[in-house]
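Here is the structure we will look at, set down as structure tokens.
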Amino acid sequence: MDQDLSGFYEKASADPDLAWAAAGAGRMLGSPSVFEDVVKTICTTNCSWGLTTKMVRELVAQLGDPATGGDGPLTNAFPTPAAMAAQPESFYREVVRAGYRAPHFVTLSRAVAAGDVDLESLAVASFAEIPDEEVERRLIQLPGIGPYAAAHVMMTLGRNSRLILDSWTRPKYARLLGKRSVSDAAILRRFRRFDEHAGLAFWLFVTRDWIAD
DNA sequence: CGTCCAGGTCTAC
DNA sequence: GGTAGACCTGGACGC
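So the first sequence is numbered by my numbering: it starts at 92 and just counts up by one.
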């Protein structure tokens, strides 16, 4: 919530389809840690939302620390990298039901727990210190993270340049335009004017109806 | 009961 | 650089 989006609002107010957002819309809610957002985002890939929440629920129920999460199993904290690193691949397949994502969770959590991969620095680094290109490059290097997932994680970091293009946003955008489908190139062109806020502009465009007005 | 596919990614041409 | 194929799961849908 501490992001300064005045630059975005300036451009949004000049766009008839997004002028409404200039009243103060615009943050993607992030998790307490980048690790948590990365894991959760992997859980959104190539599956139903129902399965996504099921996998996350299982991770939290099985590996989350009740002591730091409040009272009771429903408020467990999200598992730490170390807690996830201690589990074998079979746990992620058989208990979490993560399927082919299982080895990704093992590789990722062990790399983070061992200090070989530093995700949390991405949350505090300034745009000058680590430009979006570099953040995206590092994220895509992670197992199970591709262009879609990198864009999604970046939004939670307040890095709004990349567009979240997936099987939900693409048809939603096309539907809002009254078209059967729209190419990615056309979508990118439409939001190019928002520069470093292009991803946010696109996201607000396709989620506008989530906000009652 | 078989096929398709959902908030994709990765490998191999 | 662009693109088929494979890949876990589980709910929806057709037969």
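The beta carbon of each residue, even a glycine, is placed where N, CA and C say it ideally should be.
Check: What is the DSSP secondary structure of K270, reduced to helix, strand or coil?
Finding: coil
Check: Counting along the chain, where does the alpha helix (DSSP H) carrying V203 start and finish?
Finding: 193-204
Next item on the list: Following the continuous alpha helix (DSSP H) through A176, name the residue where it begins and the one where it ends.
Entry: 172-176
Margin query: Q232 and E200 - do their beta-carbons sit closer together than 9 angstroms?
Written below: The question names Glu, but residue 200 is Ser in the sequence shown. In this structure, Q232 does not lie closer than 9 angstroms to S200 by Cβ.
Check: Using a Cβ-Cβ cut-off of 7 angstroms (strictly less than) and excluding sequence neighbours within five positions of A214, which residues of its own chain qualify?
Finding: V125, L248
Checklist line | Reference A219, options E287, F99, G155, closest by Cα | finding: E287
Notebook entry, point to check: Nearest-angstrom Cα distance between L150 and D156?
Noted result: 11 angstroms
Item checked: Helix, strand or coil at E227 according to DSSP, with G and I counted as helix -> helix
Checklist line | Straight-line gap, F182 to P234 (C-alpha atoms, nearest Å) | finding: 18 angstroms
Next item on the list: State the DSSP-derived secondary structure class of T136, mapped to helix, strand or coil.
Entry: coil
Check: Where does E127 land, buried or exposed, given buried means 16+ other C-beta within 10 angstroms?
Finding: buried
Margin query: If contacts are defined as beta-carbon pairs under 8 angstroms, then F196 and A205 qualify, I think. What distance do you get, rounded to the angstrom?
Written below: Rounded, the Cβ-Cβ distance is 15 angstroms, inconsistent with contact.
Item checked: Nearest-angstrom beta carbon gap, P172 and V203 [assumed within contact, 8 angstroms] -> 4 angstroms
Next item on the list: Mind reading off the beta-carbon distance from V226 to R250? Whole number of angstroms is fine, and I expect it under 8 angstroms.
Entry: 6 angstroms
Note to self: By alpha-carbon positions, which one of D207, V208, A176 ends up nearest to P194?
What the structure shows: A176
Next item on the list: In angstroms with no decimal places, state the Cα-to-Cα distance between V273 and T166.
Entry: 41 angstroms
Check: Got a sec? Which residues, its chain only, sit under 6 angstroms from V208 by beta carbon, not counting five neighbours each side?
Finding: A202
Next item on the list: Compute the Euclidean distance between the alpha carbons of D93 and F99, then round it to the nearest angstrom.
Entry: 14 angstroms
Notebook entry, point to check: Mind checking whether A116 and S104 have CB atoms under 9 angstroms apart?
Noted result: no
Notebook entry, point to check: Residues in its own chain within less than 8 angstroms of I236 by CB, not counting five upstream and five downstream?
Noted result: V129, T132, I133, L230, V244
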